[in-house]
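The opening position of the sequence shown corresponds to residue 97 in the numbering used here, with each subsequent residue numbered one higher.
Beta carbons: idealized from backbone N, C-alpha and C, even for Gly.
Structure, as structure tokens:
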Amino acid sequence: MRANLLLMHYARSPLDCAACEADRLTSMADARIAICLAAGVSMDDIDPACGYNYSRRSYDRVRDSWIDLIRQHGASEFHELPDLEEIRASWAEKRPEFVEGDDWVTEAFDAHKEFIASLGRPCRRTSCVIHFPAPAL
């Protein structure tokens with residue numbers, strides 16, 4: 097746990113010297129790669145430039161996390177939807193075969209509608225575009 101906290105500290109500590117910052121970013125990527133390898137991620141699924149895990153398992157976890165967030169809280173055009181689109185675009189760039197034909201938004205919206213129906217009360221989030229869509233102009 098202590099090593100994880102130290103890593104997080106360095107990740108949040110940009111340096112003023114350009115060469116020092118490049119070294120820090122390289123070290124962070126190396127640390128991420130080491131963590132991924134220790135967790136059993138195949139080297140083929142790790143981006144060597146940044147050390148991020150782009151495995152199918154990681155994609156599924158990220159996707160499921162976003163769907164669950166929207167299932168419980170709904171979606172706002174100012175918060176969740178732009179972030180979800182940015183994350184999905186990042187995956188589409190790195191692993192287009194995972195994203196192709198996989199509609200996170202529709203599945204998340206359907207999950208939210210089902211969740212609210214199971215509560216037996218209306219959605220209370222007035223910024224939820226699922227239950228309070230913006231009127232057409």
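DSSP bridge partner residues for residue i (one or two, in chain order)
| i | result |
| --- | --- |
| I142 | N149 |
Element boundaries [alpha helix (DSSP H), containing residue i]
| i | result |
| --- | --- |
| D179 | E176 to K190 |
| V225 | First-last for V225: undefined, no H or E at that position. |
| E196 | Counting along the chain, E196 falls outside any alpha helix (DSSP H), and DSSP gives it neither H nor E. |
| E255 | Given that the chain is displayed from residue 97 to residue 233, the structure contains no residue 255 and the question cannot be resolved. |
| E173 | Careful: E173 lies outside any alpha helix (DSSP H) and carries neither H nor E. |
| V201 | W200 to L215 |
Cβ-Cβ distance between residue i and residue j below 8 Å
| i | j | result |
| --- | --- | --- |
| I217 | G170 | First, the amino acid is wrong: residue 217 is Arg here, not Ile. No, the Cβ-Cβ distance between R217 and G170 is not below 8 Å. |
| F228 | R167 | no |
| Y155 | W200 | no |
| W162 | L180 | yes |
| D140 | K190 | no |
| V137 | S151 | yes |
| I131 | V158 | no |
Cβ neighbours of residue i in the same chain (closer than 7 Å, five flanking residues each side left out)
| i | result |
| --- | --- |
| E117 | P110 and L111 |
| A145 | A125 |
| E203 | I163 |
Residues near residue i by beta carbon distance below 6 Å, same chain, minus five either side
| i | result |
| --- | --- |
| R128 | G147 |
| E173 | V225 |
| V195 | W187 and A188 |
Cutoff 8 Å; reference residue i; Cβ partners in own chain excluding five residues on either side
| i | result |
| --- | --- |
| F205 | I166, A171 and I226 |
Any non-hydrogen atom of the ligand HEM within 7 Å of residue i CB
| i | result |
| --- | --- |
| C224 | Absence of the ligand HEM is noted for the structure shown, with no ligands found whatsoever. |
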